[in-house]
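Q: As given, the protein sequences belong to chains A, B and C, one line each in that order.
The numbering of the first sequence is my numbering, which starts it at 110 and goes up by one.
The numbering of the second sequence is my numbering, which starts it at 31 and goes up by one.
The numbering of the third sequence is my numbering, which starts it at 165 and goes up by one.
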Amino acid sequence: MNAEMILFFIFGAVSLIGAISVISFRHPIYSALSLIVTFFSQAGLFVLLGAHFVAAVQVIVYAGAIMVLFLFVIMLLNLGTLSAKGVLTGKLKGIAIVLAILFAAEGIYIAVNALKGDTAVASAQAATEPITTEYIGELLFSKYLLPFEVTSLILLAALIGVIVLVKRENTTEN
Amino acid sequence: MEIDLVEQIIIPVIKVLFIAHLLVIGVMAMIWSERRVSGWMQDRLGPNRVGPQGLLQPIADGIKFLFKEDLIPNHVDKPLYVLAPAMLLVPAMITIAVVPFGDSIAIAGIDIPLQIADLNIGILYILAITSLGVYGVVIGAWASNNKYSLLGGLRSSAQMISYELTLGLAIIGILMLSSSLSLRTIAIEQGSYPWKWNFLIHFPAFLAFTTAMFAETNRLPFDLAEAEQELVAGYHTEYSSMKFAIFFMAEYMNMIVGSAVVVTLFLGGWHFFGLESIGGPFWSGIISFAIFFIKTGVFLFIFIWVRWTLPRFRYDQLMNFGWKFLLPVTLTSIVVTGTLYVTTNGNLIWIGIGNVISAFIVVAIVAGMLAMDNNSKSAVQSAPTAAPLRGLDAVE
Amino acid sequence: MSLEYYLILSALLFTIGVIGVLVRRNAIIIFMCIELMLNAANLAFVAISRNLGTAEGQLFVFFVMAVAAAEVAIGLAIIVSVFKHRETINVDEVNSLKG
Chain A
110 MNAEMILFFI FGAVSLIGAI SVISFRHPIY SALSLIVTFF SQAGLFVLLG
160 AHFVAAVQVI VYAGAIMVLF LFVIMLLNLG TLSAKGVLTG KLKGIAIVLA
210 ILFAAEGIYI AVNALKGDTA VASAQAATEP ITTEYIGELL FSKYLLPFEV
260 TSLILLAALI GVIVLVKREN TTEN
Chain B
31 MEIDLVEQII IPVIKVLFIA HLLVIGVMAM IWSERRVSGW MQDRLGPNRV
81 GPQGLLQPIA DGIKFLFKED LIPNHVDKPL YVLAPAMLLV PAMITIAVVP
131 FGDSIAIAGI DIPLQIADLN IGILYILAIT SLGVYGVVIG AWASNNKYSL
181 LGGLRSSAQM ISYELTLGLA IIGILMLSSS LSLRTIAIEQ GSYPWKWNFL
231 IHFPAFLAFT TAMFAETNRL PFDLAEAEQE LVAGYHTEYS SMKFAIFFMA
281 EYMNMIVGSA VVVTLFLGGW HFFGLESIGG PFWSGIISFA IFFIKTGVFL
331 FIFIWVRWTL PRFRYDQLMN FGWKFLLPVT LTSIVVTGTL YVTTNGNLIW
381 IGIGNVISAF IVVAIVAGML AMDNNSKSAV QSAPTAAPLR GLDAVE
Chain C
165 MSLEYYLILS ALLFTIGVIG VLVRRNAIII FMCIELMLNA ANLAFVAISR
215 NLGTAEGQLF VFFVMAVAAA EVAIGLAIIV SVFKHRETIN VDEVNSLKG
């Protein structure tokens with residue numbers, strides 16, 4: 110049991126608890142906060158995996174921007190009063206949970222067994238040197254330039270989409 | 031093994047304790063100096079009764095806060111209400127971990143860098159942690175279950191999201207020139223002399239970063255979230271005793287840490303005309319720390335100075351300023367810095383001049399467009415209305 | 165530290181997200197569960213990237229995050245406008261398109 114193992118189990122347990130809380134809290138604000146906890150422990154897992162850049166971006170993008178937006182909307186709409194019903198309200202919740210558990214079993218089975226045959230993957234020593242931010246930047250601006258540019262187009266499309274959605278509201282109101 | 035214990039456990043612990051206490055003492059000093067400097071600027075005395083020159087006033091305040099009844103109103107969401115002050119204070123404190131507060135110092139043959147942790151993603155760490163500061167405000171506001179608090183929280187979250195962009199974009203020029211994310215490397219690259227420091231090379235970015243930092247710390251002229259005249263006390267209306275004091279401490283701590291970051295990124299860190307390398311390896315460490323300390327103090331004075339110079343923005347003005355002026359200026363600064371770096375082979379003088387000129391051009395263009403927009407609008411409707419809630423609509 | 169642990173954790177997180185989408189009716193919480201699923205996938209990407217010693221997995225995570233940010237902006241705007249028209253964000257009650 111080395112240090113990495115212990116940290117993995119701590120972060121993993123925290124992220125699982127956070128994830129379960131997301132779907133079991135009645136109030137959206139509590140769900141959002143649990144999700145932030147999950148994202149944080151995932152950032153910790155990324156650091157364990159040597160992906161420092163991804164860990165920082167995870168906190169900046171998910172915890173710092175996306176979840177603030179979620180909280181903002183929850184507060185703006187004051188949704189607390191609406192979710193007074195129970196947590197499990199779907200019509201087919203029994204079937205849903207059974208199917209989900211089957212799905213989880215399948216995922217775990219694949220994770221444990223399918224990799225065993227492929228010795229190249231399973232036995233590959235973990236990379237000794239963490240991948241630096243510099244290297245990621247170089248790849249982004251050379252080999253993966255086209256996907257990078259397409260990403261900017263996606264963000265632009267989202268920007269325009271949101272503006273259009275909000276603009277229409279304003280003109281109908283005035 | 032003995033050396034290992036000293037180097038890997040004892041020294042870091044001492045450094046952490048030193049900085050944590052320095053921050054808390056700094057908060058007390060800030061509370062005192064804010065009140066005294068405010069008094070001086072308004073031609074009155076300020077607190078001068080407790081101790082010499084009123085120096086013990088913060089301690090008296092702290093004792094008062096500690097002994098007040100810890101009141102939790104009935105209508106609040108209790109877990110979150112209790113959690114919120116901590117969520118504000120912790121990010122404020124841990125940001126300092128990557129800021130180098132001096133060169134290295136040699137004690138008993140061991141070379142100790144004056145920095146808690148030299149992360150190779152230092153700046154990203156700072157951006158990540160500062161972006162978490164908003165949660166304390168938002169959660170506290172929501173848990174208070176009070177409409178003024180909620181309005182303060184909404185204003186604050188929208189403001190922080192908007193100005194965080196500027197904060198992040200303003201440092202990209204620096205990152206391009208220093209090609210490192212580590213704050214220590216950035217401070218070293220700037221060298222000893224002020225004309226090579228980043229605030230001259232990236233002057234528009236420096237102004238934008240400072241402005242955005244004022245907004246992030248909720249200081250005047252950006253203290254919309256706690257505007258006394260409009261929202262009672264904003265997000266901490268329902269808080270009293272030590273919880274209120276923690277909100278207060280977190281605000282001052284944010285200011286101190288923010289000043290330290292600005293000093294590191296733009297004002298040369300611990301360098302000052304080669305003064306930092308005078309003396310042996312021990313004294314140079316002490317002097318470099320003193321230089322950093324004084325620079326941060328001067329910047330904190332500017333915080334107080336601005337508070338009594340500029341009035342508070344209106345909400346739509348705040349949003350317009352952030353999105354229509356700061357953001358274009360920083361974006362242009364990135365493009366100009368990159369282009370000039372390649373075309374002039376990294377000539378810093380040209381980059382500095384180009385940055386300033388391009389910022390002027392951008393501001394002129396935006397101001398012209400806004401003026402044209404206002405003219406065409408006022409032709410249609412008589413006067414632009416500025417109801418208090420218009421800001422909320424603009425946010426949606 | 166072997167790859168399987170990370171992949172199992174990723175599978176579990178993904179499943180929790182799936183359960184959330186299936187059983188919760190609050191549109192915002194469903195949305196959060198989708199984010200959770202994206203994150204579970206990210207974890208698998210980074211773990212495998214580390215295992216292979218390449219950076220491609222991390223790059224993919226970067227793209228996933230960009231897409232997630234765009235998706236959240238649009239999605240929340242839609243939720244806000246649905247709420248303005250319908251006064252509800254329960255996905256069972258927003259069913260005008262149902263035949």
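Note that the Cβ used here is the ideal one computed from N, Cα and C, for glycine as well.
Keep in mind the model is a prediction, meaning the values are calculated, not measured.
1. For the stretch 202-220 of chain A, which residues have a beta carbon sitting closer than 7 Å to at least one beta carbon of chain C?
2. C/S260 versus chain A: which residues are under 7 Å apart at the beta carbon?
3. Near B/F236, what residues of its chain come up, given a Cβ to Cβ distance below 6 Å and the 5 sequence neighbours on each side ignored?
4. Output needed in chain order: residues of the stretch 226-252 of chain C with a Cβ under 8 Å from some Cβ in chain A.
5. Is there at least one Cβ from chain A nearer than 8 Å to B/S212's Cβ?
6. Return the CA-CA distance between C/E168 and B/D403, expressed in angstroms with no decimal places.
7. Is there a Cβ from chain B that is less than 8 Å from the Cβ of A/L116?
8. DSSP three-state label for B/S210, please.
9. So which residues of chain A does B/W335 contact, with C-beta pairs closer than 9 Å?
10. Using a Cβ-Cβ cut-off of less than 8 Å, give me the residues of the stretch 184-201 of chain C that come near chain A, in sequence order.
11. Taking only the alpha-carbon atoms, compute the straight-line gap between A/A233 and C/F209 and give it to the nearest angstrom.
12. CA-CA distance, A/K202 and C/L200?
13. Could you tell me which residues DSSP puts in a beta bridge with B/D141?
14. Using a threshold of 7 Å, is the CB atom of B/Y111 nearer than that to any non-hydrogen atom of the ligand NAP?
15. Our contact map puts A/L157 next to A/L116 with C-beta atoms below 8 Å; I'd like the distance itself, whole angstroms only.
16. Kindly list, in the order they appear in chain A, the residues whose Cβ is closer than 7 Å to that of B/W172.
17. Looking at chain A, is there any beta carbon in it that lies within less than 8 Å of the beta carbon of B/S179?
18. Taking the CB atoms as reference points, tell me whether B/V372 and B/P234 lie closer together than 8 Å.
19. Check whether the stretch 208-227 of chain B and the stretch 361-370 of chain B are in contact - that is, three or more C-beta pairs closer than 8 Å.
20. Of the residues B/P251, B/R342, B/F131, which one's Cα is nearest the Cα of B/I317?
21. Is there at least one Cβ from chain D nearer than 8 Å to A/V168's Cβ?
22. Going by beta-carbon coordinates alone, are B/T369 and B/G203 separated by less than 8 Å?
23. Taking three-plus beta-carbon pairs below 8 Å as touching, is the stretch 156-176 of chain B in contact with the stretch 176-185 of chain A?
24. Leaving out five residues before and five after B/I276 in sequence, what residues of the same chain have Cβ atoms less than 8 Å from its Cβ?
25. Excluding the 5 residues flanking A/F155 on each side, which residues of the same chain have their C-beta closer than 8 Å to its C-beta?
26. Hey, does A/V146 have any beta-carbon neighbour from chain B nearer than 8 Å?
27. Could you spell out the range, first to last residue, of the alpha helix (DSSP H) harbouring B/T160?
28. Give me the residue from B/N248, B/G398, B/S68, B/I383 with the minimum Cα distance to B/F331.
29. What span of residues does the alpha helix (DSSP H) with B/S187 cover, start to end?
30. Nearest CA to the CA of B/G264: which residue from B/K177, B/I324, B/R337?
31. Comparing C-alpha positions only, which one of A/I175, A/E243, A/L255, A/I269 sits nearest to B/S208?
32. Please state whether the Cβ-Cβ distance between C/G184 and A/V146 is less than 8 Å.
33. So, for B/G56: in the same chain, excluding its five sequence neighbours on each side, which residues have a beta-carbon less than 7 Å away from its beta-carbon?
34. Quickly, what does DSSP pair C/N254 with across the bridge? List them, please.
35. Could you tell me which chain C residues have their CB closer than 8 Å to the CB of A/A267, listed as they occur along the chain?
36. Under a CB-based cut-off of 8 Å, is C/E257 close to chain A?
A: Reading off the structure:
1. K202, A205, I206, A209, F212, A213, G216, I217, A220
2. Here residue 260 of chain C is taken as the residue at index 96 of the third sequence, counted from 1. Ordered by position in chain A, no residue passes the 7 Å Cβ test against C/S260, which lies about 17 Å from the chain.
3. By 1-based counting over the second sequence, the position of residue 236 of chain B is 206. Result list for B/F236: F229, F296, in chain order.
4. F226, F227, M229, A230, V231, A232, A233, A234, E235, V236, A237, I238, L240, A241, I242, I243, V244, S245, F247, K248, T252
5. Along the second sequence, read from residue 1 onward, the residue named residue 212 of chain B stands at position 182. Closer than 8 Å: no.
6. Here residue 168 of chain C corresponds to residue number 4 of the third sequence, with the count starting at 1. Here residue 403 of chain B corresponds to residue number 373 of the second sequence, with the count starting at 1. The straight-line gap from Cα to Cα measures roughly 60 Å.
7. Locating residue 116 of chain A in the first sequence gives position 7, where the first residue counts as 1. So, not an interface residue.
8. Sequence index remark: in the second sequence, residue 210 of chain B carries index 180 (1-based). In this structure, B/S210 counts as coil in the three-state DSSP scheme.
9. Position 305 of the second sequence, counting from 1, holds the residue named residue 335 of chain B. Going along chain A, no residue has its Cβ under 9 Å from B/W335, so there is no contact; the nearest lies around 30 Å.
10. G184, L186, V187, R188, R189, N190, I192, I193, F195, M196, C197, E199, L200
11. For the purposes of this step, residue 233 of chain A is identified with residue 124 of the first sequence, where counting begins at 1. For the purposes of this step, residue 209 of chain C is identified with residue 45 of the third sequence, where counting begins at 1. Because the pLDDT at A/A233 is just 46, under 50, the model does not fix this residue reliably, and the point stays unresolved.
12. The residue labelled residue 202 of chain A in the question sits at position 93 within the first sequence. The residue labelled residue 200 of chain C in the question sits at position 36 within the third sequence. The alpha-carbon atoms of A/K202 and C/L200 are separated by roughly 19 Å.
13. In the second sequence, counting from the first residue as 1, residue 141 of chain B sits at position 111. According to DSSP, which records beta bridges pairwise, B/D141 is partnered with B/A136.
14. The ligand NAP is not part of the structure shown, which contains no ligands of any sort.
15. If you number the first sequence from 1, residue 157 of chain A lands on position 48. If you number the first sequence from 1, residue 116 of chain A lands on position 7. The Cβ separation is near 6 Å, so the contact holds.
16. By one-based count along the second sequence, residue 172 of chain B stands at place 142. Result: I138, M184.
17. On the second sequence, residue 179 of chain B is found 149 positions in, with the first residue counted as 1. Taking Cβ atoms only, chain A never reaches closer than 8 Å to B/S179, which makes this a no.
18. Residue mapping note: residue 372 of chain B aligns to position 342 of the second sequence, counting from 1. Residue mapping note: residue 234 of chain B aligns to position 204 of the second sequence, counting from 1. Result no, Cβ atoms of B/V372 and B/P234 do not sit closer than 8 Å.
19. no
20. By 1-based counting over the second sequence, the position of residue 317 of chain B is 287. The option with the nearest alpha carbon to B/I317 is B/F131.
21. Although the question refers to chain D, the structure presented lacks it and instead comprises the protein chains A, B and C.
22. Here residue 369 of chain B is taken as the residue at index 339 of the second sequence, counted from 1. Here residue 203 of chain B is taken as the residue at index 173 of the second sequence, counted from 1. Not closer than 8 Å, so no.
23. yes
24. Residue numbering aside, residue 276 of chain B sits at position 246 when the second sequence is read from its first letter. Once the five neighbours on either side are set aside, the close Cβ partners of B/I276 are P115, A116, L118, L119.
25. Translated into positions along the first sequence, residue 155 of chain A becomes position 46. Only H161, V163, A164, Q167 meet the Cβ criterion.
26. In the first sequence, residue 146 of chain A corresponds to position 37, counting from 1. It does not; no Cβ of chain B falls within 8 Å.
27. Residue mapping note: residue 160 of chain B aligns to position 130 of the second sequence, counting from 1. From DSSP, the alpha helix (DSSP H) with B/T160 extends over 152-160.
28. Along the second sequence, one-based indexing puts residue 331 of chain B at 301. Per the Cα distances, B/S68.
29. Taking the first residue of the second sequence as 1, we reach residue 187 of chain B at position 157. Counting along the chain, the alpha helix (DSSP H) containing B/S187 begins and ends at 177-200.
30. Residue mapping note: residue 264 of chain B aligns to position 234 of the second sequence, counting from 1. Of the candidates B/K177, B/I324, B/R337, the one whose C-alpha sits nearest the C-alpha of B/G264 is B/K177.
31. Reading the second sequence from its first residue, position 178 is the one you call residue 208 of chain B. Residue A/E243 is the option with its Cα nearest to B/S208.
32. Position 20 of the third sequence, counted from the first residue, corresponds to residue 184 of chain C. Position 37 of the first sequence, counted from the first residue, corresponds to residue 146 of chain A. Going by C-beta atoms, C/G184 is not nearer than 8 Å to A/V146.
33. Within the second sequence, residue 56 of chain B is the residue found at index 26, counting from 1. Around B/G56: I286.
34. Taking the first residue of the third sequence as 1, we reach residue 254 of chain C at position 90. Beta-bridge pairing links C/N254 to C/N190.
35. Against the first sequence, residue 267 of chain A aligns to sequence position 158. The contacting residues are A233, A234, E235, A237, I238.
36. Sequence index remark: in the third sequence, residue 257 of chain C carries index 93 (1-based). Closer than 8 Å: no.
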